[in-house]
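Report on the structure given below.
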Amino acid sequence: MTVDSAEHTRFMAMALALGRRGLGQAWPNPAVGAVLVRPTAAGPVVVGRGWTQPGGRPHAEAEALARAGADARGTTLYVTLEPCSHQGRGPPCADLIIASGVEQVVSALEDPNPLVSGDGHARLRARGIAVEVGVGAAEARRDHAGHIRRIRDHRPNVMLKLAVSRDGKAGLAGRRPATITGEPARARVHLMRAMSDAVLVGIGTVLADDPLLTCRLPGMGGRSPVRIVLDSAVRLPLHSRLVQSAREVPVWVVAAATAADRVKALEDSGVSVMRGEVGETGRLDLESVLRRIAERGITRLMVEGGPTVAAALIAADLVDEAALFRSDRVIGADGIDALAGMPLAALAGSPRLICAGTEPVSGDRLELYERH
């Protein structure tokens, strides 16, 4: 090995941190990180680093190799996902690595994509490059959950965000919006949006709140996700903030009705309207909707509301992660339940979702759940 094995964890952690820079930006490709390390008498030195660029190209490995140049020869490459081995819009990363003179590749995961699926590692080994797989695998699986879910289940990884009062409410009576959490929690939500490919709400939330659903953290407006509205009857108002900003940040509407005039008006405003299948309940079939979204390249989907959509996703077992912000504010018995028609325990006490941790967010508390 060109770098002592004791260093593997440290440099893979660096690659993982780099890869996260591409979350929400790299779709339809996974957000990969890569680090090139050269051994020296004074210890290992990083000579190149990269992460998947917006739109999925260039790949992280190509970025790191380009930055290292001739210094890549004789190095160890740390990469958070198996290098690709198929021809796409650019040459296979495995071939670039071979040509660069890299001596060793430390890879966190084998890529489940059938176009790769072990072939990238095999191609490297066949050319005499030492390959080690599995360093940082658990963390890499979390970072690449969207890519893995899209490949294996043909849908995005779904992260449900809920903000609930101390008495389990999400809004005031009459579907009136309520400020439940404090500013630090809301800033955390904006960061979650920035790390998601798309954010989804139901038309009820749009009609009640007229949300913008962008990332409004300073300097991060360009990382706003695609905004998706479940809107069976095509009721999205042309004067809504979503439609008015559709040419700056994409808006997709999933509709069941064939109201040609309303569809045309939305499309003329820059909104993309897609047809969704209707299930036995007469509502949009959520599993088919998620498949359609995945076909368009979305891998990481954040769901922000409202109670009807949240409950339907839980009932259909389509929630992979959840971020539950709990506030000390009390709404009252006439408020809107956080989950329509089901107790909050359907999420917090679900046998399919385990609590992965809790943390204070100023005066609120964040509980994180993951699919078990």
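Heads up, the sequence shown is in our numbering, so the first residue is 876 and it goes up one at a time. From the three backbone atoms N, C-alpha and C, an ideal C-beta is built for every residue, glycine too. Everything numeric in this text was worked out from a predicted model, so none of it was measured.
- Can you tell which of 1176, 925 and 914 has its C-alpha closest to the C-alpha of residue 908? Against the sequence shown, residue 908 aligns to sequence position 33. Residue 925 is the option with its Cα nearest to residue 908.
- Expressed to the nearest angstrom, what Euclidean distance is found between the alpha-carbon atoms of residue 1207 and residue 1188? Here the question's residue 1207 lines up with position 332 in the sequence shown. Here the question's residue 1188 lines up with position 313 in the sequence shown. Rounded to whole angstroms, residue 1207 to residue 1188 spans 25 Å at the Cα level.
- Query: With respect to 7 Å, is the separation between the Cβ of residue 1071 and the closest non-hydrogen atom of the ligand GTP below this value?
  - Reply: The ligand GTP is absent from the structure shown, which contains no ligands of any kind.
- Task: Under 7 Å Cβ to Cβ from residue 1006, same chain only, skipping five residues before and after it: list those, please.
- Result: Residue 1006 sits at position 131 when you count from the first residue of the sequence shown. Excluding sequence neighbours, residue 1006 sits near 980, 982, 996, 999 and 1000.
- Item | Euclidean distance between Cα positions of residue 1227 and residue 942 | As a working mapping, residue 1227 is identified with position 352 in the sequence shown. As a working mapping, residue 942 is identified with position 67 in the sequence shown. Answer to the nearest angstrom: the Cα atoms are 44 Å apart.
- In the DSSP assignment, find the beta strand (DSSP E) that holds residue 1229 and state where it starts and stops. Working through the sequence shown from its first residue, we reach residue 1229 at position 354. That run of the beta strand (DSSP E) goes 1228–1236.
- Continuous beta strand (DSSP E) stretch holding residue 1083: start and end: Your numbering for residue 1083 matches position 208 in the sequence shown. Residue 1083 -> not in any beta strand (DSSP E); alpha helix (DSSP H) instead, spanning 1078–1084.
- Would residue 912 pass as a contact of residue 886 if the rule is Cβ separation under 8 Å? In the sequence shown, the residue the question calls residue 912 occupies position 37. In the sequence shown, the residue the question calls residue 886 occupies position 11. It is a contact, given that the beta carbons lie within the stated cut-off.
- Item | Delimiting residues of the alpha helix (DSSP H) encompassing residue 1138 | To locate residue 1138, count along the sequence shown from 1; it is residue 263. From DSSP, the alpha helix (DSSP H) with residue 1138 extends over 1135–1143.
- Item | Classification of residue 876 by the beta-carbon crowding that lies within 10 angstroms, buried from 16 upward | Here residue 876 refers to the residue found at position 1 when the sequence shown is read from its first residue. Caution is warranted here: a pLDDT of 42 is assigned to residue 876, below 50, making its placement in the model unreliable, and no coordinate value can be reported.
- Can you tell me which of 891, 948, 952 and 904 puts its alpha carbon nearest to the alpha carbon of residue 880? Walking along the sequence shown from the start, residue 880 turns up at place 5. The shortest C-alpha separation from residue 880 is found at 952.
- Give the range of the beta strand (DSSP E) segment to which residue 1205 is assigned. What you label residue 1205 is simply residue 330 of the sequence shown in a count that begins at 1. Unbroken run through residue 1205: none, as it is neither H nor E.
- Does the beta-carbon distance from residue 1083 to residue 1209 come in below 8 Å? By one-based count along the sequence shown, residue 1083 stands at place 208. By one-based count along the sequence shown, residue 1209 stands at place 334. Going by C-beta atoms, residue 1083 is not nearer than 8 Å to residue 1209.
- Endpoints, the alpha helix (DSSP H) within which residue 893 is located: Counting from one through the sequence shown, the residue named residue 893 turns up at place 18. Residue 893 -> alpha helix (DSSP H) spans 883–894.
- Task: Let me know the secondary structure DSSP gives residue 940 once reduced to three states.
- Result: Counted from its first residue, the sequence shown places residue 940 at position 65. Three-state DSSP puts residue 940 in a helix.
- In terms of residue numbering, what span does the alpha helix (DSSP H) encompassing residue 995 cover? Locating residue 995 in the sequence shown gives position 120, counting from the first residue. Segment 994–1001, the alpha helix (DSSP H) holding residue 995.
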